[in-house]
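Whatever position you read off the sequence shown (first residue = 1), add 1470 for my numbering.
From the three backbone atoms N, C-alpha and C, an ideal C-beta is built for every residue, glycine too.
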Amino acid sequence: MTYDFSYLSQPFYEFYDAKQMHHGDSFIATEAPIEYQLSEHGALFKKIGITQDEFETRFLKGYYDLITKGEYTEDVLSEIIQILSAIVGKSLIFHHKLPLEPFSLSLSREKDQFANALDWTYVQIRELNLNGLDLSLIDPFVEEDEPIFQCHFCGCLDEDVGNRKFNKKRKYCHAKNCKEKKSVNPEHHLDCCYGKWAGKKKSLIQTLKRHYKGRQKGIDAFNKFCEERYQENLKRIMPVRTNSSLKREIISFAPSMSFEERAKCQRYLNNCTNPELLNYLQKVKR
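Printed below as a string of structure tokens:
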């Protein structure tokens, strides 16, 4: 029997739109990163009743001391940003070179917690491969910019714990002792992302088929699945990696590049195939 799940398209549109509306204030509406410089926060300093100099003394002295000691490095900055990201509930990122002042940071829409969760939920609903389900009206990724070189369940980048690279066929992270090649049964993969995802997918599809004629129960089960995936994805720190974000990621690993070198690198990346992109990323990470 051929099942047509096109009737789930509208419920997913409604789910997606409701999340966008509810968390609209958390989405950054610009394509370009927004730079937050100290001098641009006069209103904030006034609101908390201190001057910029007092703000720097109270909150930034420790970071300035790191600069003086020569310990303000890419690794230190990355660690500081991870701490701040956990506190504020958003992921802060920095670009290219170390900023001149410790809080010259950028906030990107793609790193937003709620947008990130919705992106991952979209990816996983698409991974269900439900016959007839049409997601084209809300596709956040253009066709050539789909998730790349990461687990589609947990977001792990590049390769799994067994050093097996992700590609179009290997899209899920596996536990080190997982015998994935010997069985496609999810019950044999209880401790790996393949098994966790396959089990959830199988359970939903069985429910949808069981209630195929009584569609409201199927819609209810589908809506529940979407909400569960969204709530779980709110815990994901790693954003969906696309071709575009991978190119930006590669550039960020070369902070010492001159403008001319960076432009040359960007031109090269624009002409890369997917395997070449991954090889280049691994090269600059070393």
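query: Proximal residues to Lys1641 (C-beta, below 6 Å), its chain only, five neighbours per side dropped; result: His1622
query: Asn1713, buried or exposed, once every other Cβ within 10 Å from all chains shown has been counted against 16; result: buried
query: The region 1631–1646 in contact with the region 1659–1667 per 3-pair CB rule at 8 Å; result: yes
query: Sequence-distant residues of the same chain with beta carbon closer than 7 Å to Ser1479, five excluded per side; result: Leu1603 and Asp1604
query: Option nearest Gly1532 by Cα separation, candidates Met1708, Leu1547, Gly1519 and Tyr1477; result: Leu1547
query: Alpha helix (DSSP H) segment containing Leu1678, residue limits; result: Cys1663 to Arg1680
query: Residue span of the alpha helix (DSSP H) that contains Asp1630, given as start and end; result: That residue, Asp1630, is in no alpha helix (DSSP H); it is neither H nor E in DSSP.
query: Whether Ile1595 touches Phe1482 by CB criterion (8 Å); result: yes
query: 8 Å Cβ cutoff met for Tyr1473 and Tyr1682; result: yes
query: Asn1445 classed as buried or exposed, judged by whether at least 16 other C-beta atoms fall within 10 angstroms; result: This structure cannot speak to residue 1445, because the chain is shown only from 1471 to 1756.
query: Gln1620 beta carbon less than 8 Å from that of Arg1699; result: no
query: Straight-line gap, Thr1677 to Ile1618 (C-alpha atoms, nearest Å); result: 30 Å
query: Rounded distance between the beta-carbons of Leu1588 and Lys1489, thought under 8 Å; result: 5 Å
query: Extent of the continuous alpha helix (DSSP H) to which Pro1481 belongs; result: Ser1479 to His1492
query: Delimiting residues of the alpha helix (DSSP H) encompassing Val1593; result: Gln1583 to Glu1597
query: Cutoff 6 Å; reference His1492; Cβ partners in own chain excluding five residues on either side; result: none
query: Neighbour-count burial assignment, Asp1690, 16 or more Cβ in a 10 Å radius; result: exposed
query: Exposure of Asp1630, with buried meaning 16 or more beta-carbon neighbours within 10 Å; result: buried
query: Close-in-space but distant-in-sequence residues of the same chain around Lys1687 (CB under 7 Å, 5 per side omitted); result: His1681
query: Per-residue burial, Gly1625 [other beta carbons within 10 Å of its own, 16 or more giving buried]; result: buried
query: For Tyr1592 and Glu1702, the rounded distance between their alpha carbons; result: 13 Å
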